[in-house]
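Accompanying notes for the structure given below.
Numbering (the numbering used here), first residue to last: 230 to 757.
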């Protein structure tokens, strides 16, 4: 195991002069760093943070878009042994206040504004004492841990400016600070983007993140000639670990994009010859853009979506893999290998990463069971939550997901425990119905939930999104399902919606709880 400072230094040593990082506000890269330059920038950031009062164990919040500064500041904090707390630039006031307070952020490095977002005004609304405080001497009853706010751009009362923080601490002292950091020390607190009322704060150690990154790089086949399209926000574990850290582990280039739209993304992907991607919800609009067919894209590696969509974007000769994971496991728990045969890459979620264990706990005889996981990339726990309420007696984490492991050792994901619909006493897996609906030639996406029924308990309801030139009636879709599914699994309600009308979490996942409420409303008054 290694610290993340040592992890970056190892990447630098392999090819110090090669390009490591490029940053594009939209379609054109405006700043680049080589590996040695990235290391130097992270050390300078560490010195600035030390001068601002951070040290081992300090919680350093980072509220920033996918700019060049993000990774140097993050690695700077990690070099000190500070705990990095990435903060979403999509959050509103109450969400930001919850995260700052729950994670006990002491030092906040932030953008003052971006596009229509005025982050400084939001912070002042949360902490009105900021305007009258001397830099570094903030005292707020609402956020008692927060002492200092540092602005990356601009200036404001009560705030220090990043560019004016001294970096005068000498190298031997910084080296001594780094030597005191251990792989088992806390590294990050990532907030989940799930469907709970308040996001959970996931704590990972240095060793867990470094181990995860190397395992992901191996499964995706990332090498020095690869470049990751960094459209996923770095404040998500998918952006930081699956994207940036895994690319660094493989020696590839990180190409960050701050504002993503289909036209600028296509131009950037072609110009920078990006080869790796993840995040299919955000990438799907590229396929509908009129310039897509004429672009020479080199995307071939990464995580897969459904086989048809994956082949359309990555080409029929792609090496994308099926993978299973979550924030709590630093993304991947299991994944196929980039060079596995296509049926394994497209039809399974691969085998566990080295050291990871998967246990399937039966829910009922003959059914898929709940997936339990443990191993070196599993989180330390949820910040502020006792370990005993998070892990079982053997250290396994209950994922709330359903699946099975086939005789060859490959994991298959079948759905969420809460996505099991109980109708007339029989369990129906939402994922099974969704898979059948997606086979219909007119259907782009399908999402299935249960709606309450006075005698059956629940009825099956489906929301479908049609392809650009597709269409079908609800009755036709029900008949199509009836060809493959038992009658009790056929949706009693079929609702046609536009992609943009589906309720989603901040990270783009369909929010099933909100979808159930919508289904209840639409199904009211029907005779079923």
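Glycine included, each C-beta is placed from N, C-alpha and C at the ideal position.
In this text the structure is predicted, and so the values were computed from the model without any measurement.
{"Check": "Out of 551, 501, 689 and 525, point me to the one whose CA is closest to residue 542's CA.", "Outcome": "525"}
{"Check": "What does the alpha-carbon distance come out to for the pair residue 426 and residue 523?", "Outcome": "Below a pLDDT of 50, predicted positions are generally treated as unreliable, and residue 426, at 49, falls in that range; the measurement from the model is reported next regardless. Computed Cα separation, rounded: 44 Å."}
{"Check": "Curious, which full-length beta strand (DSSP E) runs of at least 3 residues does the segment 710-734 contain?", "Outcome": "722-725"}
{"Check": "For residue 433 versus residue 555, is the C-beta distance shorter than 7 Å?", "Outcome": "no"}
{"Check": "Is it true that the CB of residue 386 sits closer than 7 Å to the CB of residue 360?", "Outcome": "yes"}
{"Check": "Using a Cβ-Cβ cut-off of 7 Å, state whether residue 535 counts as contacting chain B.", "Outcome": "Going by chain labels, chain B is absent from the structure shown, which holds only one protein chain."}
{"Check": "Using only CA atoms, which one of 531, 575 and 558 lies nearest to residue 537?", "Outcome": "575"}
{"Check": "State the DSSP-derived secondary structure class of residue 645, mapped to helix, strand or coil.", "Outcome": "strand"}
{"Check": "What residues in its chain sit with their C-beta under 8 Å from that of residue 244, if we drop five residues either side in the sequence?", "Outcome": "264, 453 and 480"}
{"Check": "By Cβ distance, which residues of its chain are closer than 7 Å to residue 424, with the 5 residues on each side in sequence left out?", "Outcome": "With a pLDDT of 46 at residue 424, under the threshold of 50, the modelled position of that residue is not reliable, and no figure is offered here."}
{"Check": "Residues in its own chain within less than 6 Å of residue 362 by CB, not counting five upstream and five downstream?", "Outcome": "387"}
{"Check": "Taking residue 334 and residue 306 to be in contact with their CB atoms under 8 Å, please state how far apart those CB atoms are, rounded to whole angstroms.", "Outcome": "So it is not a contact: roughly 12 Å between Cβ atoms."}
{"Check": "Mind checking which residues open and close the beta strand (DSSP E) that includes residue 563?", "Outcome": "560-564"}
{"Check": "How long is the line joining the alpha carbons of residue 410 and residue 400, rounded to whole angstroms?", "Outcome": "16 Å"}
{"Check": "In its own chain, which residues sit with a C-beta less than 8 Å from the C-beta of residue 246, not counting the 5 before and 5 after it?", "Outcome": "263, 264 and 265"}
{"Check": "When you compare only the Cα positions, how much space is there between residue 255 and residue 721?", "Outcome": "45 Å"}
{"Check": "Does the contact criterion of 3 or more C-beta pairs under 8 Å hold for the segment 498-506 versus the segment 336-353?", "Outcome": "no"}
{"Check": "Would you tell me roughly how many angstroms separate the C-alpha atoms of residue 389 and residue 380, rounded to the nearest one?", "Outcome": "6 Å"}
{"Check": "Just to confirm the assignment: which complete beta strand (DSSP E) runs, minimum length 3, are found wholly within the segment 581-669?", "Outcome": "586-591, 598-603, 626-634, 640-645, 649-652 and 655-658"}
{"Check": "State yes or no: is the C-beta of residue 448 within less than 7 Å of the C-beta of residue 566?", "Outcome": "yes"}
{"Check": "Within its chain, find whatever has a CB closer than 8 Å to the CB of residue 285; leave out the 5 residues flanking it on each side and keep chain order.", "Outcome": "309, 310, 311, 406, 409, 410 and 414"}
{"Check": "When burial is assigned at 16 or more other CB atoms within 10 Å of the CB, is residue 570 buried or exposed?", "Outcome": "exposed"}
{"Check": "Output needed for residue 483: all residues of its chain with C-beta closer than 8 Å, excluding positions within five of it in sequence on either side, in chain order.", "Outcome": "249, 250, 251, 300, 456, 457, 459, 472, 473, 476 and 477"}
{"Check": "May I ask which residues mark the beginning and end of the alpha helix (DSSP H) holding residue 331?", "Outcome": "322-331"}
{"Check": "Taking the beta strand (DSSP E) that residue 434 belongs to, which residues open and close that run?", "Outcome": "430-434"}
{"Check": "In the DSSP assignment, the alpha helix (DSSP H) including residue 235 goes from what residue to what residue?", "Outcome": "233-243"}
{"Check": "Determine whether the beta carbon atoms of residue 403 and residue 275 lie at a separation below 7 Å.", "Outcome": "yes"}
{"Check": "Taking the C-alpha atoms as reference points, what is the distance between residue 392 and residue 366?", "Outcome": "19 Å"}
{"Check": "Quick test of the definition: if touching needs 3 or more C-beta pairs under 8 Å, does the segment 640-647 touch the segment 610-630?", "Outcome": "yes"}
{"Check": "Give, in chain order, every unbroken run of the alpha helix (DSSP H) that is at least 4 residues long and sits entirely within the segment 273-353.", "Outcome": "299-309 and 322-331"}
{"Check": "What alpha helix (DSSP H) runs, 4 residues minimum, are completely inside the segment 470-503?", "Outcome": "475-479 and 491-501"}
{"Check": "Using a Cβ-Cβ cut-off of 6 Å (strictly less than) and excluding sequence neighbours within five positions of residue 420, which residues of its own chain qualify?", "Outcome": "328, 428 and 430"}
{"Check": "Using three-state DSSP, classify residue 426 as helix, strand or coil.", "Outcome": "Reliability of the predicted coordinates at residue 426 is poor, the pLDDT of 49 falling under 50, and no value is obtained from them."}
{"Check": "May I ask you to list the residues that DSSP assigns as paired with residue 417?", "Outcome": "313 and 433"}
{"Check": "Determine the DSSP secondary structure at residue 509, reduced to helix, strand or coil.", "Outcome": "helix"}
{"Check": "For residue 533, tell me which candidate among 521, 509, 513 and 546 has the shortest Cα-Cα distance.", "Outcome": "509"}
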